[in-house]
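Just so we're aligned, residue 3 is where the sequence shown starts under the working numbering, counting upward by one.
Just so you know, even glycine gets a beta-carbon here, dropped at the ideal spot from N, CA and C.
These notes are about the structure you will find just below.
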Amino acid sequence: MSKINLLHILSSLQIGGAEKQVVTLLKYLDKKKYRVILCCFHADGPLQKEIENEAVEIIILRMRLRYIFFALYKLIRLMKKEKIQIVHTHLYFDHLWGRIAARIAGVPVIMTTEHGRGMWKKRRHLFFEHIANRFTDMRIAVSEDIRQIRIQRELSTPEQVITIPNAINEDDFIVSDYVRSDKRKELGINRDDLVIGTVARFDPDKALDKLLEAAALVVKSIENVKIILVGNGPLRNNLEDHAARLRIADKVVFTGARTDIAELLSIMDVFVISSIREGIPVSLLEAMAAERAVVATNVGGNAEVINDESCGLIVEPNDTAALARGIISLLNDKALRERVGLKARLRIKEHFSVKSQVRKIESLYERILMSKLKSRKDK
């Protein structure tokens, strides 16, 4: 039986939650069933190395906004040349142009994954979404919260949007004591230091200023604390200045964007998500898979993942005092941290495993494609 020609469309392979999810999916798709092609609109990036040896063909269009219609032509030509049977897009502009191209090229199955809540979309964005939804076979929401937004705000039918949560391979987050010790030394963390950390893009949605303010309260109670902020973004300078104003600059480590996430998570005693908006953050799944005790805000799909206080703590967004209390309660009780971490890993293994996610997505691909091909044959 010939392979199904599957095209994923993604803006770039820069480090980000959605990008990491796409790379993970591509790695675990059954290559005996699928010929997998990834088309990036803008650029490659550090995540490309993760799929270079995974039987995934990578095409970079190097698309520019002023040449958008030429790029659209190239995308249509690519779909026709490679006889693409399924197009799967991932972010807003990928959704828009990818679905238009697929419609013109006559691709049988058109699908999207909805990685974020999309509350930033203005009327014009929603207008284009409504048009494209008419020829979209299925939208996968990574949380039930996102699914409800697509139904209520973007007028997708309930049958058109299915929830398949973000997922990871939990075994990628097992780190040896030797590596953990080396990583602490690299970052200048003493043996008896307790570490609060997060992995995030430094933008307003992540509310990292609230994390720093909570950390400043924690330091008043527990002196031997270090804070690790992994990532980068437009607010980095602001956050560095904020740490200085809070008089905790000497306790905060800004690592920049990194790919050694498993090793960095392994040295954190408490992982914190202070966001005011989220889908299901990949960093949350990664931290729980790494057996970290987590304190997260009650936004987006966070409470879908941390469904019980035995596997993590949930606090309200923008409540710095509650965030600090949650962190302190875990830092002061090593046995509690370890119990929560073990339950967190079990939660990921049982409900957010990449193998289960991939099986569900492959089943969707095959069911919709078979239905479309049968419908065309009957005509």
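Reduced DSSP secondary structure (H/G/I, E/B, other) of residue i
{"i": "PHE354", "result": "coil"}
{"i": "LYS228", "result": "strand"}
{"i": "HIS117", "result": "coil"}
{"i": "HIS92", "result": "coil"}
{"i": "MET140", "result": "strand"}
{"i": "VAL163", "result": "strand"}
{"i": "GLU188", "result": "helix"}
{"i": "ILE11", "result": "strand"}
{"i": "GLU368", "result": "helix"}
{"i": "VAL109", "result": "coil"}
{"i": "LEU63", "result": "coil"}
{"i": "VAL177", "result": "coil"}
{"i": "PHE256", "result": "strand"}
{"i": "GLY19", "result": "helix"}
{"i": "ILE53", "result": "coil"}
{"i": "LEU237", "result": "coil"}
{"i": "ILE86", "result": "coil"}
{"i": "ARG361", "result": "helix"}
{"i": "ALA295", "result": "strand"}
{"i": "GLY343", "result": "helix"}
Residue i classed as buried or exposed, judged by whether at least 16 other C-beta atoms fall within 10 angstroms
{"i": "TRP99", "result": "buried"}
{"i": "PHE43", "result": "buried"}
{"i": "GLY190", "result": "exposed"}
{"i": "LYS228", "result": "buried"}
{"i": "MET290", "result": "buried"}
{"i": "GLY303", "result": "buried"}
{"i": "ASN226", "result": "exposed"}
{"i": "LEU28", "result": "buried"}
{"i": "ASN309", "result": "exposed"}
{"i": "ARG249", "result": "exposed"}
{"i": "MET81", "result": "buried"}
{"i": "ARG294", "result": "buried"}
{"i": "ARG347", "result": "buried"}
{"i": "MET121", "result": "exposed"}
{"i": "GLN385", "result": "There is no way to answer for residue 385, as the model of the chain reaches only from 3 to 381."}
{"i": "SER312", "result": "exposed"}
{"i": "ILE224", "result": "exposed"}
{"i": "SER277", "result": "buried"}
{"i": "GLU352", "result": "exposed"}
{"i": "ILE363", "result": "buried"}
{"i": "SER158", "result": "buried"}
Through-space distance from residue j to residue i, alpha-carbon basis
{"i": "VAL89", "j": "GLY108", "result": "11 Å"}
{"i": "LEU63", "j": "ARG339", "result": "47 Å"}
{"i": "LEU213", "j": "ASP262", "result": "22 Å"}
{"i": "PRO110", "j": "LYS374", "result": "6 Å"}
{"i": "VAL284", "j": "GLN23", "result": "8 Å"}
{"i": "LEU9", "j": "LYS208", "result": "31 Å"}
{"i": "VAL356", "j": "TYR30", "result": "8 Å"}
{"i": "THR138", "j": "ASP179", "result": "48 Å"}
{"i": "LEU1", "j": "LYS123", "result": "What the structure shows of the chain is the stretch from 3 to 381, and residue 1 is not part of that stretch, so it cannot be assessed."}
{"i": "ARG37", "j": "ILE86", "result": "9 Å"}
{"i": "LYS336", "j": "ILE176", "result": "19 Å"}
{"i": "VAL25", "j": "ASP96", "result": "15 Å"}
{"i": "TYR94", "j": "MET140", "result": "15 Å"}
{"i": "ALA246", "j": "ALA73", "result": "46 Å"}
{"i": "ARG305", "j": "GLY314", "result": "The residue you asked about is not Arg; residue 305 is Ala in the sequence shown. Cα-Cα distance, rounded: 10 Å."}
{"i": "ILE329", "j": "PRO206", "result": "22 Å"}
{"i": "LEU325", "j": "ARG378", "result": "56 Å"}
{"i": "GLU242", "j": "LYS35", "result": "49 Å"}
{"i": "GLN16", "j": "PRO48", "result": "6 Å"}
{"i": "LYS345", "j": "ASP211", "result": "29 Å"}
{"i": "GLU84", "j": "LEU231", "result": "43 Å"}
{"i": "ILE60", "j": "LEU12", "result": "11 Å"}
{"i": "ALA202", "j": "SER183", "result": "23 Å"}
{"i": "TYR367", "j": "GLU21", "result": "20 Å"}
{"i": "ARG361", "j": "ARG369", "result": "12 Å"}
{"i": "ALA251", "j": "ASN240", "result": "12 Å"}
{"i": "ARG125", "j": "GLU146", "result": "23 Å"}
{"i": "THR233", "j": "PHE204", "result": "The residue you asked about is not Thr; residue 233 is Gly in the sequence shown. The straight-line gap from Cα to Cα measures roughly 7 Å."}
{"i": "SER365", "j": "ILE350", "result": "21 Å"}
Beta-carbon separation (whole angstroms), residue i vs residue j, contact threshold 8 Å
{"i": "ASN168", "j": "PHE354", "result": "7 Å"}
{"i": "LEU371", "j": "ILE6", "result": "7 Å"}
{"i": "THR299", "j": "ILE275", "result": "6 Å"}
{"i": "ARG101", "j": "THR115", "result": "Their Cβ separation, rounded to whole angstroms, is 12 Å, which puts ARG101 and THR115 out of contact at 8 Å."}
{"i": "GLU265", "j": "LYS185", "result": "5 Å"}
{"i": "ILE112", "j": "ARG105", "result": "7 Å"}
{"i": "GLU131", "j": "GLU156", "result": "5 Å"}
{"i": "ALA143", "j": "THR165", "result": "5 Å"}
{"i": "ALA103", "j": "ILE78", "result": "5 Å"}
{"i": "ALA323", "j": "LEU237", "result": "Actually they do not touch by this definition, with Cβ atoms about 22 Å apart."}
{"i": "HIS117", "j": "GLY19", "result": "7 Å"}
Min CB distance residue i to chain C below 7 Å
{"i": "GLU54", "result": "Absent from the structure: chain C. Only one protein chain is present."}
If contact is defined by three or more beta carbon pairs under 8 Å, each pair taking one atom from either stretch, is the region 265 to 276 in contact with the region 186 to 205? yes
Hey, is the region 312 to 325 in contact with the region 239 to 255, meaning 3+ C-beta pairs nearer than 8 Å? no
If contact is defined by three or more beta carbon pairs under 8 Å, each pair taking one atom from either stretch, is the region 50 to 61 in contact with the region 149 to 161? no
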